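Number of protein chains: 2
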Amino acid sequence: MNPTITAFAQSPDRGRGLARDMAVRWALEEVGRPYDVRLLSFAAIKEPAHRALQPFGQIPTYEDGTLALFESAAIVLHIAERHSGLLPDDANARARAIAWMFAGKSTVEPPIVERSMALLLEADRSWHAERLTMLDERVRVRLGDLAQVLTGRDWLAQDFTAADIVMVTVLRRLGGSELLKEQPIVGSYVARGEARPAFQRAFEAQRAVFAATAK
Amino acid sequence: MNPTITAFAQSPDRGRGLARDMAVRWALEEVGRPYDVRLLSFAAIKEPAHRALQPFGQIPTYEDGTLALFESAAIVLHIAERHSGLLPDDANARARAIAWMFAGKSTVEPPIVERSMALLLEADRSWHAERLTMLDERVRVRLGDLAQVLTGRDWLAQDFTAADIVMVTVLRRLGGSELLKEQPIVGSYVARGEARPAFQRAFEAQRAVFAATAK
Chain S
1 MNPTITAFAQ SPDRGRGLAR DMAVRWALEE VGRPYDVRLL SFAAIKEPAH RALQPFGQIP
61 TYEDGTLALF ESAAIVLHIA ERHSGLLPDD ANARARAIAW MFAGKSTVEP PIVERSMALL
121 LEADRSWHAE RLTMLDERVR VRLGDLAQVL TGRDWLAQDF TAADIVMVTV LRRLGGSELL
181 KEQPIVGSYV ARGEARPAFQ RAFEAQRAVF AATAK
Chain V
1001 MNPTITAFAQ SPDRGRGLAR DMAVRWALEE VGRPYDVRLL SFAAIKEPAH RALQPFGQIP
1061 TYEDGTLALF ESAAIVLHIA ERHSGLLPDD ANARARAIAW MFAGKSTVEP PIVERSMALL
1121 LEADRSWHAE RLTMLDERVR VRLGDLAQVL TGRDWLAQDF TAADIVMVTV LRRLGGSELL
1181 KEQPIVGSYV ARGEARPAFQ RAFEAQRAVF AATAK
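Line order of the protein sequences matches chains S and V. For the first sequence, the working numbering gives the first residue as 1, with consecutive numbering after it. For the second sequence, the working numbering gives the first residue as 1001, with consecutive numbering after it.
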């Protein structure tokens, strides 16, 4: 039996792979595990049936036999723990890679999401320009820190790990913004992630959902 | 050898246990592991020596023999994996508890931190009142979701786990705000966490740092 993930039937990102199912699809492609997808409308993710799987009414979820999981990074970690190739064998290196997964979600992602929300929800407010300047600066600080870490290395740990799946998908939410271009070391890191065949298969799979519904 | 954690020499929370060393202290107290603390000034956490341990210039870090970790939730997970009592034995239940750790840090914490930052950094801006209303609502949605989950249960999983350490410390950042009082189920959950002897020992340990420097 394949595991089943949930994703948006009509993703707000219009097939750009910015929704949070992308990291899970990518991890599954890296380990060569086929999966099924259940597409959900915006209404359906807020209904009790989905909330029983995802208490905050979000996507993705992950069902595999008797296991039901939520939170994309937790799902990626679960996949990495049950297949080889996404976490180092050495115990210390493994713990460090997991630390980077949390860093992606709780230190790097919040200012990026906050900036996206300001662009989406506050564009018509009188304060928008002034606040965006503050938000850009918060993102810049994180990207600067990441650039230091990534100087002279291809991935956060020595080899590609689940942490890179989390971090690259977080950074991709900056989209075509100038902020990523200001830090070419970080930009190259994202491009390295996007160049992986598993990323490309995952990207095409989510884009096919958009293409089918956009017809 | 005891592990060594880092914490603020002068925590901005003035001993209220809201800094991110609190979760790590609590986890170590739960498993009965003594630890040493290295206190750092605000200047020191941004210096290269500390950034080698914590790439974003934050606290806490965790050093145990040859292992150096950062990100409080990752440290809590590491402690939980190497001692008994903080994660379920059943593999599925364990994966769910880890999902709740990520939910605490990446779904519940960001709007709470954003609200704290607005109170701290934007109180004199023209937009403050209008924006605070938006931020309160975002926190309310998360607390409402959590209240549903916690109805009829004491902890996020069946028994107390590392996920409750993460979630309770995240929710405590709401401090004495009315938002927590609006959801008594969530408020009671936080109080249950705070009533644990291990929480109290951890709380006293961090308060002692404040008391000593405030003299």
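Quick reminder that beta carbons are idealized off the backbone N, C-alpha and C, glycines included. Small disclaimer: the values here were computed from a predicted structure and weren't measured.
Inset, instruction - Could you tell me whether the stretch 1083-1095 of chain V touches the stretch 1045-1061 of chain V, where touching means 3 or more Cβ pairs closer than 8 Å? - result: Taking a cut-off of 8 Å for Cβ pairs, the stretch 1083-1095 of chain V and the stretch 1045-1061 of chain V do not touch, as fewer than three such pairs fall below it.
Inset, instruction - Can you give me the start and stop residues for the alpha helix (DSSP H) that residue 121(S) sits inside? - result: Residue numbering aside, residue 121(S) sits at position 121 when the first sequence is read from its first letter. Where residue 121(S) is concerned, the enclosing alpha helix (DSSP H) stretches over 109-121.
Legend entry - Residues sharing a beta bridge with residue 4(S), DSSP: For the purposes of this step, residue 4(S) is identified with residue 4 of the first sequence, where counting begins at 1. In DSSP, residue 4(S) forms a bridge with 36(S), 63(S).
Legend entry - Test: residue 1004(V) CB closer than 8 Å to a CB of chain S: Sequence index remark: in the second sequence, residue 1004(V) carries index 4 (1-based). For residue 1004(V), the nearest beta carbon of chain S is not closer than 8 Å to its own beta carbon.
Legend entry - Simplified DSSP assignment, three categories, for residue 1056(V): Start at 1 with the first residue of the second sequence, and residue 1056(V) comes out as number 56. DSSP places residue 1056(V) outside both helix and strand once states are collapsed to three, so it counts as coil.
Inset, instruction - Thinking residue 22(S) and residue 104(S) are a contact (beta carbons under 8 Å), I'd like their distance in whole angstroms, please. - result: If you number the first sequence from 1, residue 22(S) lands on position 22. If you number the first sequence from 1, residue 104(S) lands on position 104. Contact between residue 22(S) and residue 104(S) is absent: CB atoms are separated by about 13 Å, not below the 8 Å threshold.
Inset, instruction - With 8 Å as the threshold, decide whether the Cβ of residue 63(S) is near any Cβ in chain V. - result: The residue you call residue 63(S) lines up with position 63 of the first sequence. The beta carbon of residue 63(S) does not come within 8 Å of any beta carbon belonging to chain V, so the residue lies off that interface.
Inset, instruction - Would you tell me roughly how many angstroms separate the C-alpha atoms of residue 140(S) and residue 66(S), rounded to the nearest one? - result: Locating residue 140(S) in the first sequence gives position 140, counting from the first residue. Locating residue 66(S) in the first sequence gives position 66, counting from the first residue. Spanning the two alpha carbons is a distance of roughly 42 Å.
Legend entry - Proximal chain V residues relative to residue 107(S), where beta-carbon distance stays under 8 Å: For the purposes of this step, residue 107(S) is identified with residue 107 of the first sequence, where counting begins at 1. What residue 107(S) touches in chain V: 1056, 1058, 1071.
Legend entry - Residue from 3(S), 189(S), 92(S) whose Cα sits closest to the Cα of residue 37(S): Against the first sequence, residue 37(S) aligns to sequence position 37. Closest by alpha carbon: 3(S).
Inset, instruction - Using a threshold of 8 Å, state whether the C-beta atoms of residue 60(S) and residue 5(S) are closer than that. - result: Mapped onto the first sequence, residue 60(S) falls at position 60. Mapped onto the first sequence, residue 5(S) falls at position 5. Taking a C-beta distance under 8 Å as the contact criterion, residue 60(S) and residue 5(S) qualify as a contact pair.
Inset, instruction - Note down, in chain order, each residue of its chain lying with its Cβ closer than 6 Å to the Cβ of residue 207(S), except the 5 sequence neighbours on either side. - result: For the purposes of this step, residue 207(S) is taken as residue 207 along the first sequence, with counting starting at 1. Setting aside the 5 residues that flank it on each side, residue 207(S) is surrounded in the same chain by 15, each with a C-beta closer than 6 Å to its C-beta; the list follows chain order.
Legend entry - Distance, residue 107(S) Cα to residue 1072(V) Cα: Translated into positions along the second sequence, residue 1072(V) becomes position 72. Translated into positions along the first sequence, residue 107(S) becomes position 107. Roughly 11 Å separates the two Cα atoms.
Inset, instruction - Ignoring anything shorter than 3 residues or poking outside the stretch 150-197 of chain S, list the beta strand (DSSP E) runs there in chain order. - result: DSSP runs (the beta strand (DSSP E)) wholly in the stretch 150-197 of chain S: none.
Legend entry - Per-residue DSSP class, three states only, for residue 69(S): As a working mapping, residue 69(S) is identified with position 69 in the first sequence. In the displayed model, residue 69(S) falls within a strand according to three-state DSSP.
Inset, instruction - Could you list which residues in chain S have their beta carbon closer than 9 Å to that of residue 1096(V), in chain order? - result: In the second sequence, the residue the question calls residue 1096(V) occupies position 96. Residues of chain S passing the Cβ test: 67, 68, 69, 70, 74.
Inset, instruction - Check the Cβ of residue 1148(V) against every Cβ in chain S and list those closer than 9 Å, keeping chain order. - result: Locating residue 1148(V) in the second sequence gives position 148, counting from the first residue. Within 9 Å Cβ-Cβ: 51, 55.
Inset, instruction - Starting from residue 88(S), trace the alpha helix (DSSP H) both ways and give me its first and last residue. - result: In the first sequence, the residue the question calls residue 88(S) occupies position 88. No alpha helix (DSSP H) holds residue 88(S); DSSP gives it neither H nor E.
Legend entry - C-alpha gap between residue 962(V) and residue 1029(V), whole angstroms: Here chain V has residues from 1001 to 1215 only, and residue 962(V) is not among them.
Inset, instruction - Just the chain V side, please: which residues come within less than 8 Å of residue 123(S) by C-beta, in chain order? - result: The residue you call residue 123(S) lines up with position 123 of the first sequence. Correct list: empty, because the minimum Cβ distance to chain V is about 13 Å.
Inset, instruction - Give the secondary structure of residue 21(S) by DSSP, where H, G and I count as helix, E and B as strand, and everything else as coil. - result: Numbered from 1 along the first sequence, position 21 holds the residue referred to as residue 21(S). Helix, per DSSP.
Inset, instruction - Run the CB neighbour count on residue 176(S), radius 10 Å, all protein chains shown included, and call it buried at 16 or more, exposed below. - result: Numbered from 1 along the first sequence, position 176 holds the residue referred to as residue 176(S). With fewer than 16 other Cβ atoms within 10 Å, it is exposed.
Legend entry - Which listed residue (1117(V), 1195(V), 1080(V), 1138(V)) has its alpha carbon closest to that of residue 1179(V): Your numbering for residue 1179(V) matches position 179 in the second sequence. It is 1138(V).
Inset, instruction - Could you list which residues in chain A have their beta carbon closer than 8 Å to that of residue 1113(V), in chain order? - result: Of the chains in the structure shown, none is chain A; the protein chains are S and V.
Inset, instruction - Note down the Cα distance separating residue 1197(V) from residue 142(S), rounded to an integer number of angstroms. - result: Here residue 1197(V) refers to the residue found at position 197 of the second sequence. Here residue 142(S) refers to the residue found at position 142 of the first sequence. Distance from the CA of residue 1197(V) to the CA of residue 142(S), rounded to the nearest whole angstrom, comes to 37 Å.
Inset, instruction - Step through the CB atoms of chain V and report whether any lies within less than 8 Å of the CB of residue 83(S). - result: Start at 1 with the first residue of the first sequence, and residue 83(S) comes out as number 83. At a cut-off of 8 Å between beta carbons, residue 83(S) makes no contact with chain V.
Inset, instruction - Can you tell me which of 1192(V), 1130(V), 1129(V), 1122(V) puts its alpha carbon nearest to the alpha carbon of residue 1153(V)? - result: Residue numbering aside, residue 1153(V) sits at position 153 when the second sequence is read from its first letter. The residue with the shortest Cα to Cα distance from residue 1153(V) is 1192(V).
Inset, instruction - State buried or exposed for residue 1017(V), treating a residue as buried only when at least 16 other CB atoms are found within 10 Å of its CB. - result: Position 17 of the second sequence, counted from the first residue, corresponds to residue 1017(V). So residue 1017(V) ends up on the buried side.
Inset, instruction - Can you tell me which of the three DSSP states residue 1200(V) falls into? - result: For the purposes of this step, residue 1200(V) is taken as the residue at position 200 of the second sequence. Residue 1200(V) falls in the helix class under three-state DSSP.
Legend entry - Reduced DSSP category for residue 209(S) - H, G, I as helix; E, B as strand; rest coil: To locate residue 209(S), count along the first sequence from 1; it is residue 209. Residue 209(S): helix per DSSP, three-state reduction.
Legend entry - C-alpha gap between residue 164(S) and residue 77(S), whole angstroms: To locate residue 164(S), count along the first sequence from 1; it is residue 164. To locate residue 77(S), count along the first sequence from 1; it is residue 77. Residue 164(S) and residue 77(S): Cα-Cα distance of roughly 11 Å.
Legend entry - Inter-residue CB distance, residue 112(S) and residue 174(S) (contact presumed, cutoff 8 Å): As a position in the first sequence, residue 112(S) is number 112, starting the count at 1. As a position in the first sequence, residue 174(S) is number 174, starting the count at 1. 6 Å between Cβ atoms; contact.
Inset, instruction - Look up residue 83(S) in the DSSP assignment and say whether it is helix, strand or coil. - result: Taking the first residue of the first sequence as position 1, residue 83(S) is located at position 83. Coil at residue 83(S), not helix or strand.
Inset, instruction - Flag residue 145(S) as yes if its beta-carbon sits less than 8 Å from any beta-carbon of chain V, otherwise no. - result: Reading the first sequence from its first residue, position 145 is the one you call residue 145(S). It does: the Cβ of residue 145(S) has a partner Cβ on chain V nearer than 8 Å.
Legend entry - Alpha-carbon to alpha-carbon, residue 195(S) and residue 1210(V): For this step, residue 1210(V) is matched to residue 210 along the second sequence. For this step, residue 195(S) is matched to residue 195 along the first sequence. The alpha-carbon atoms of residue 1210(V) and residue 195(S) are separated by roughly 49 Å.
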